[in-house]
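J.: The structure is given below, and queries will be raised subsequently.
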Amino acid sequence: MEILPIFSAIRRNPVGALLIALQIAVTMAVMCNASFVVAQQLQRMNRPTGIDEANILTFYNVWSTQSGDFKSRVQTDLATLRSLPGVDDATATLGLPLRGGGYNLSVALTPTDTKGITDSAVYPVDSHGMAAFGLQLRAGRGFTSDEIADLTAEHEDPTLAPVVLVTHALADRLFPHGDALGKPIYLGTKPSTIIGIVDRMQAAHVSMASDLMEYSILVPFQWEGSTTLYVVRTKPGQYKSVAAAIPPALARISRARVIGNINPFVQTRADAYRPFRAMVLILSSVCTLLLIITCLGIVGLTTYWVSQRSRQIGIRRALGARQVDILRYFHTENFLVVGAGAIAGIILGDATNVLAVEHFAMARMPQVYILASALIMLVLGQLSVLWPSFRAAKVPPALATRAQVEHR
Amino acid sequence: MLAYYFKLAFNSLRKNLALSCLTIATIAIGIGASMSTYTIYHVMSGDPIPWKSSELFVPQIDSLGPTVRSKSGEPSDLLSYQDAIALQNARPALHQAAMYQIQLTVAPADPNQLPFAVSARASGAGFFSMFDTPFALGTYWSKADEQQRANVAVLAAGLADRLFHGENPLGKAITLNQRDYRIVGVLKPWNPSPRFYDLSGDALAQSDAVYIPFTTAIDHQMASIGHKFCAIMPDPAQGWQGLLSSNCAWLQYWVELPTAGDADNYRQFLQQYATDQQRAGRFGWPALTRLRNVREWLIYKHVIPDEIRAVMAVGFSFLLVCLINAIGLMLAKFNGRTSDLGVRRALGASKRDVVVQCLAESALVGLLSGVAGLALTLLAVAAERNVVSESLAKVIHVDLVLVLITLLLAEIATICAGLYPAWRASRIQPALQLKM
Chain A
1 MEILPIFSAI
11 RRNPVGALLI
21 ALQIAVTMAV
31 MCNASFVVAQ
41 QLQRMNRPTG
51 IDEANILTFY
61 NVWSTQSGDF
71 KSRVQTDLAT
81 LRSLPGVDDA
91 TATLGLPLRG
101 GGYNLSVALT
111 PTDTKGITDS
121 AVYPVDSHGM
131 AAFGLQLRAG
141 RGFTSDEIAD
151 LTAEHEDPTL
161 APVVLVTHAL
171 ADRLFPHGDA
181 LGKPIYLGTK
191 PSTIIGIVDR
201 MQAAHVSMAS
211 DLMEYSILVP
221 FQWEGSTTLY
231 VVRTKPGQYK
241 SVAAAIPPAL
251 ARISRARVIG
261 NINPFVQTRA
271 DAYRPFRAMV
281 LILSSVCTLL
291 LIITCLGIVG
301 LTTYWVSQRS
311 RQIGIRRALG
321 ARQVDILRYF
331 HTENFLVVGA
341 GAIAGIILGD
351 ATNVLAVEHF
361 AMARMPQVYI
371 LASALIMLVL
381 GQLSVLWPSF
391 RAAKVPPALA
401 TRAQVEHR
Chain B
1 MLAYYFKLAF
11 NSLRKNLALS
21 CLTIATIAIG
31 IGASMSTYTI
41 YHVMSGDPIP
51 WKSSELFVPQ
61 IDSLGPTVRS
71 KSGEPSDLLS
81 YQDAIALQNA
91 RPALHQAAMY
101 QIQLTVAPAD
111 PNQLPFAVSA
121 RASGAGFFSM
131 FDTPFALGTY
141 WSKADEQQRA
151 NVAVLAAGLA
161 DRLFHGENPL
171 GKAITLNQRD
181 YRIVGVLKPW
191 NPSPRFYDLS
201 GDALAQSDAV
211 YIPFTTAIDH
221 QMASIGHKFC
231 AIMPDPAQGW
241 QGLLSSNCAW
251 LQYWVELPTA
261 GDADNYRQFL
271 QQYATDQQRA
281 GRFGWPALTR
291 LRNVREWLIY
301 KHVIPDEIRA
311 VMAVGFSFLL
321 VCLINAIGLM
331 LAKFNGRTSD
341 LGVRRALGAS
351 KRDVVVQCLA
361 ESALVGLLSG
371 VAGLALTLLA
381 VAAERNVVSE
391 SLAKVIHVDL
401 VLVLITLLLA
411 EIATICAGLY
421 PAWRASRIQP
431 ALQLKM
């Protein structure tokens, strides 16, 4: 192979090769890190909440009065909501996965451990809670209606739940041997017995920590406050008609209230992950542009080299080199230059990730991202050089015989 | 002489139109990508109250104890009711205010209009003087109003327009949670961004629609819709009074301390106060207090998420790649002009003259790239507005400072990229070019 002449050609005019290698290195460092971030964000965005996302509607109800018999009002509202055609079930609570609200409490296994083992989201729900959220029960049972106590702004202590439902992830965290059912946990100083384990229900606030996001507890309380979050689960495909029926039905009971926007959960999910989506879109479009610019750079510089060396190419052709030899020359040259850039890119990309881990809360990037982007760079390099090398191969041998030709 | 160089540069651009356009486009795309990501950072890193940001402080007192403290070991951002009242009484500063966010229903006077809910702020009157909120009409409520727990309100511009359609609302009543409040003031549009005085949720959230006295809200037992941190839940049997006498932290508290001396004194007072509370047996842990001004507060609260910095880093790496590309393109261009540069050298131009001539051409390319880059930045920011969170979309815009930064960055970056090609061009042997 003609590697040695390529080296000497590069050595005589190293700047062009250096520029391409440098570009490749920076592009690669950016690309592997950005694609890692994008992959992580996509994975976070796709985490299921565990609730029946396709059929859930939620809205805030705000009573116009600060005080009053919220208990009977909430119960009347819920009975009305449950009786609407197309409604499966409804409940009143304070928070919703991805929509925020609710409580965040530390969970302990002894009454004296005030720091707790972990934090968990806590949702107060009545005996319809499981059905209204569409949760899957893995073991044990749900709340019965006689277990439900009142929770009001004046009597607000969710730690006093005698029985609780916990998510499978939380049960495993607290009781790694899988024997959580029937065991007491402490949200405050009083014990709460785990009577059921729910497959999955995410915490209310979107968090980067994937474990915390899965820790939720349901406590048997009917929330009776001036602001209530109603959760309505509709029969499949009927959320539009139900959403339209809710405001007039509730207005008929009482007009001393404000009903917030009725959000299908699909919307809640889109809103919650909007910043994630924005980041994915911005990063991937910048990366795509970056790749295009880098490829164009390779095309441009190689075309320029070809025009500079057209006389030498002509001489080689006149001395018997075939067109395929010329093609091979430029592709090999590109491979060497891009390869050198890719090696620098591996080091630079890894160093960037190390920095990001140190200064931002980033995870360590798996090696596969670096290797894949190195491979992509090599392939794109070869593709970019196709057209200039084709032009080079077309240089007629007769060109060598002419004295001095400016070829641009 | 410089004018002559620019004329030469202009001619050269025209002669190498394709290559020049490619250079300009490459740099402009790099500028567009980097500046559009920088715009987000610029918006979020702004000082929301630059004339006072070193004089406004958040006092923090650890009323929750080590079990509830975050991993960083910092005290809670919020104060308990007891502590807020104690600070107010024991150490009056130039201005101060305890505040919390509430939700109120507004019943329009027009019975055909449906009631609606707004976010409101219960706050001491110090809020308005501390933050220099601009009043369109009237002013904030009086000390007497606060003491009498009067039903008075200050409206934000948007709500005043919505309810009164340009009529003067001063002295009129607004029905909030079925109680009538007398309107004493209307603000001009005022949306400090980030919303430094309440960073508990979205840092870019809009300001509240109504303000009522803190004392009135407490009197009406209006619950906060913000965070509430408790080490021990207040005794439910005691109801509202239980919350007020608990150590639960749920109030924002700001003080205005005009001089560094004031701040030092206040800091000492704060520590002394917490130590006294510990001695009195209220806190079973060593006193832990902080006093941060607006700028320190924004940094402490991590207002700019890491993601924004990461995206910005990607944007500027992109610019770097574009510049490397531009170096290649400029090399190609100057190489194509060896003959006329050679003639200039032969006619007596020094190497330095050639360098200056080439740099003048870079400067011209930089100027054009800057203009094109600015256009791309504006386009990219418009696109960003469609994808970022709604609150960010509302505040993100390209201001005059950003325009200047864009043009300057393009100019400096292009001249830097042109340095090496210019130096190369100056080394052309004059004799070689005359042999033709």
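Heads up: the sequence lines are chains A and B, in that order.
Residue 1 is where the first sequence starts when you use full-length UniProt numbering, and the numbers rise one by one after that.
Residue 1 is where the second sequence starts when you use full-length UniProt numbering, and the numbers rise one by one after that.
By construction, the Cβ of each residue, glycine as well, lies at the ideal position given by its N, Cα and C atoms.
The structure displayed is predicted, hence computed values, not measured ones.
Kindly list, in the order they appear in chain A, the residues whose Cβ is closer than 7 Å to that of W141 of chain B.
T.: For the purposes of this step, residue 141 of chain B is identified with residue 141 of the second sequence, where counting begins at 1. Chain A residues near W141 of chain B: none, gap ~20 Å exceeds 7 Å.
J.: Can you name the residues of chain A whose CB is closer than 9 Å to the CB of residue 439 of chain B?
T.: In the structure as shown, chain B begins at 1 and stops at 436. Residue 439 of chain B is therefore absent and cannot be evaluated.
J.: Starting from the beta carbon of A107 of chain B, find every residue of chain A whose beta carbon is closer than 7 Å, and list them in chain order.
T.: Along the second sequence, one-based indexing puts residue 107 of chain B at 107. Ordered by position in chain A, the residues that pass the 7 Å Cβ test against A107 of chain B are S64.
J.: Does the stretch 302 to 321 of chain B come within contact of the stretch 283 to 295 of chain A, defined as at least 3 CB pairs closer than 8 Å?
T.: yes
J.: Less than 8 Å between the CB atoms is what I'm expecting for T159 of chain A and K190 of chain A, so what's the real figure, rounded?
T.: Residue numbering aside, residue 159 of chain A sits at position 159 when the first sequence is read from its first letter. Residue numbering aside, residue 190 of chain A sits at position 190 when the first sequence is read from its first letter. Contact holds; Cβ gap of about 7 Å.
J.: Pull up the DSSP beta-bridge partners for F57 of chain B, would you.
T.: For the purposes of this step, residue 57 of chain B is taken as the residue at position 57 of the second sequence. In the DSSP assignment, F57 of chain B is bridged to B:V255 and B:N293.
J.: Under three-state DSSP, which class holds M201 of chain A?
T.: By 1-based counting over the first sequence, the position of residue 201 of chain A is 201. Coil at M201 of chain A, not helix or strand.
J.: Which term fits I347 of chain A, buried or exposed, when burial requires 16 or more other beta carbons within 10 angstroms of its beta carbon?
T.: To locate residue 347 of chain A, count along the first sequence from 1; it is residue 347. I347 of chain A should be labelled exposed.
J.: Closer than 8 Å, CB to CB, is G226 of chain B near chain A or not?
T.: Taking the first residue of the second sequence as 1, we reach residue 226 of chain B at position 226. Chain A, which has no Cβ nearer than 8 Å to the Cβ of G226 of chain B, makes this no.
J.: Check whether the Cβ of E384 of chain B lies closer than 8 Å to any Cβ atom in chain A.
T.: Taking the first residue of the second sequence as 1, we reach residue 384 of chain B at position 384. Yes, because at least one Cβ of chain A sits closer than 8 Å to the Cβ of E384 of chain B.
J.: Give every residue of the same chain whose Cβ lies closer than 6 Å to the Cβ of R149 of chain B, excluding the five residues on either side of it in the sequence, and list them in chain order.
T.: Counted from its first residue, the second sequence places residue 149 of chain B at position 149. The answer, listed in chain order, is T215, T216 and D219.
J.: Look up Y420 of chain B in the DSSP assignment and say whether it is helix, strand or coil.
T.: In the second sequence, the residue the question calls residue 420 of chain B occupies position 420. Residue state, collapsed to three classes: helix.
J.: In chain order, what residues of the same chain lie with their CB nearer than 8 Å to the CB of M213 of chain A, ignoring the 5 residues before and after it?
T.: Position 213 of the first sequence, counted from the start, is the residue given in the question as residue 213 of chain A. If we look at M213 of chain A and ignore the five residues flanking it on each side, its Cβ neighbours are R47, Q202, A203, V206 and S207.
J.: Between which residues of its own chain and L165 of chain A is the CB-CB distance below 6 Å, once the five residues before and five after are set aside?
T.: The sequence position of residue 165 of chain A within the first sequence is 165, counting from 1. These residues qualify, in order along the chain: G196, V198 and L218.
J.: Whole-angstrom Cβ separation of V232 of chain A and A90 of chain A, contact assumed at under 8 Å?
T.: Position 232 of the first sequence, counting from 1, holds the residue named residue 232 of chain A. Position 90 of the first sequence, counting from 1, holds the residue named residue 90 of chain A. At roughly 5 Å, the Cβ-Cβ gap stays under 8 Å, so V232 of chain A and A90 of chain A are in contact.
J.: What separation, rounded to the nearest whole angstrom, lies between the Cα atoms of P430 of chain B and N16 of chain B?
T.: Here residue 430 of chain B corresponds to residue number 430 of the second sequence, with the count starting at 1. Here residue 16 of chain B corresponds to residue number 16 of the second sequence, with the count starting at 1. Each residue's Cα considered, the two are about 22 Å apart.
J.: So for M130 of chain B, helix, strand or coil by DSSP?
T.: Here residue 130 of chain B refers to the residue found at position 130 when the second sequence is read from its first residue. M130 of chain B: helix per DSSP, three-state reduction.
J.: Nearest to F10 of chain B by CA position, among B:L374, B:C416 and B:E361, is which residue?
T.: For the purposes of this step, residue 10 of chain B is taken as the residue at position 10 of the second sequence. Here the closest residue by C-alpha is B:E361.
J.: Classify A205 of chain B as buried or exposed, calling it buried when 16 or more other Cβ atoms lie within 10 Å of its own Cβ.
T.: Along the second sequence, read from residue 1 onward, the residue named residue 205 of chain B stands at position 205. The residue in question, A205 of chain B, is buried, as its Cβ has 16 or more Cβ neighbours within 10 Å.
J.: Does M233 of chain B pass the burial test, meaning 16 or more other C-beta atoms within 10 Å, or should it be called exposed?
T.: For the purposes of this step, residue 233 of chain B is taken as residue 233 along the second sequence, with counting starting at 1. Per the 10 Å Cβ criterion, buried.
J.: Hey, which unbroken runs of the alpha helix (DSSP H) at 4 residues or more fall wholly within the stretch 256 to 323 of chain B?
T.: 260 to 279 and 294 to 300
J.: Just to confirm, are L229 of chain A and T58 of chain A a CB contact at a threshold of 8 Å?
T.: What you label residue 229 of chain A is simply residue 229 of the first sequence in a count that begins at 1. What you label residue 58 of chain A is simply residue 58 of the first sequence in a count that begins at 1. Yes, the pair counts as a contact, with Cβ atoms nearer than the cut-off.
J.: Go ahead and pull the three-state DSSP assignment for R138 of chain A.
T.: Position 138 of the first sequence, counting from 1, holds the residue named residue 138 of chain A. The answer is strand: DSSP assigns R138 of chain A an E or B state.
J.: Per DSSP, V74 of chain A forms a beta bridge with which residues?
T.: Here residue 74 of chain A corresponds to residue number 74 of the first sequence, with the count starting at 1. Note: V74 of chain A sits in no beta bridge, so no partner.
J.: Under 8 Å between C-beta atoms, does I262 of chain A make it to chain B?
T.: As a first step, residue 262 of chain A must be located in the first sequence, where it is residue number 262. It does not; no Cβ of chain B falls within 8 Å.
J.: How far does the alpha helix (DSSP H) with I347 of chain A in it reach, from first residue to last?
T.: On the first sequence, position 347 is the one that residue 347 of chain A refers to. Counting along the chain, the alpha helix (DSSP H) containing I347 of chain A begins and ends at Q323 to H359.
J.: Would C322 of chain B and G30 of chain B be called neighbours here (beta carbons separated by less than 8 Å)?
T.: Translated into the one-based positions of the second sequence, residue 322 of chain B becomes position 322. Translated into the one-based positions of the second sequence, residue 30 of chain B becomes position 30. Result yes, Cβ atoms of C322 of chain B and G30 of chain B sit closer than 8 Å.
J.: Does DSSP put K394 of chain A in a helix, a strand or coil?
T.: Within the first sequence, the letter at position 394 stands for residue 394 of chain A. Coil, per DSSP.
J.: Under 8 Å, Cβ to Cβ, is there at least one residue of chain B near V15 of chain A?
T.: Counting from one through the first sequence, the residue named residue 15 of chain A turns up at place 15. Output row for V15 of chain A: interface = yes.
J.: When the cut-off is 8 Å and only beta carbons count, does L290 of chain A lie next to chain B?
T.: Position 290 of the first sequence, counted from the start, is the residue given in the question as residue 290 of chain A. Yes, L290 of chain A counts as interfacial toward chain B.
J.: Which chain B residues are close to Y273 of chain A, counting only those with a beta carbon under 9 Å from its beta carbon?
T.: Position 273 of the first sequence, counting from 1, holds the residue named residue 273 of chain A. In chain order: nothing, as chain B lies at least about 10 Å away.
J.: If we cut at 8 Å on Cβ distances, does T294 of chain A have a partner in chain B?
T.: The residue labelled residue 294 of chain A in the question sits at position 294 within the first sequence. Taking Cβ atoms only, chain B reaches closer than 8 Å to T294 of chain A, which makes this a yes.
J.: By DSSP, does P184 of chain A sit in helix, in strand, or in coil?
T.: For the purposes of this step, residue 184 of chain A is taken as the residue at position 184 of the first sequence. In this structure, P184 of chain A counts as strand in the three-state DSSP scheme.
J.: Determine the burial state of Q357 of chain B: buried for a count of at least 16 other Cβ atoms within 10 Å of its Cβ, exposed for fewer.
T.: On the second sequence, residue 357 of chain B is found 357 positions in, with the first residue counted as 1. The residue in question, Q357 of chain B, is buried, as its Cβ has 16 or more Cβ neighbours within 10 Å.
J.: Answer yes or no: do T167 of chain A and P97 of chain A have a C-beta to C-beta separation smaller than 8 Å?
T.: Counting from 1 along the first sequence, the entry for residue 167 of chain A is found at position 167. Counting from 1 along the first sequence, the entry for residue 97 of chain A is found at position 97. No.
J.: If you count every other CB in all the chains shown that lies within 10 Å of the CB of S20 of chain B, and 16 or more means buried, which is it?
T.: In the second sequence, residue 20 of chain B corresponds to position 20, counting from 1. Here S20 of chain B is buried: its Cβ has 16 or more other Cβ atoms, across all protein chains shown, within 10 Å.
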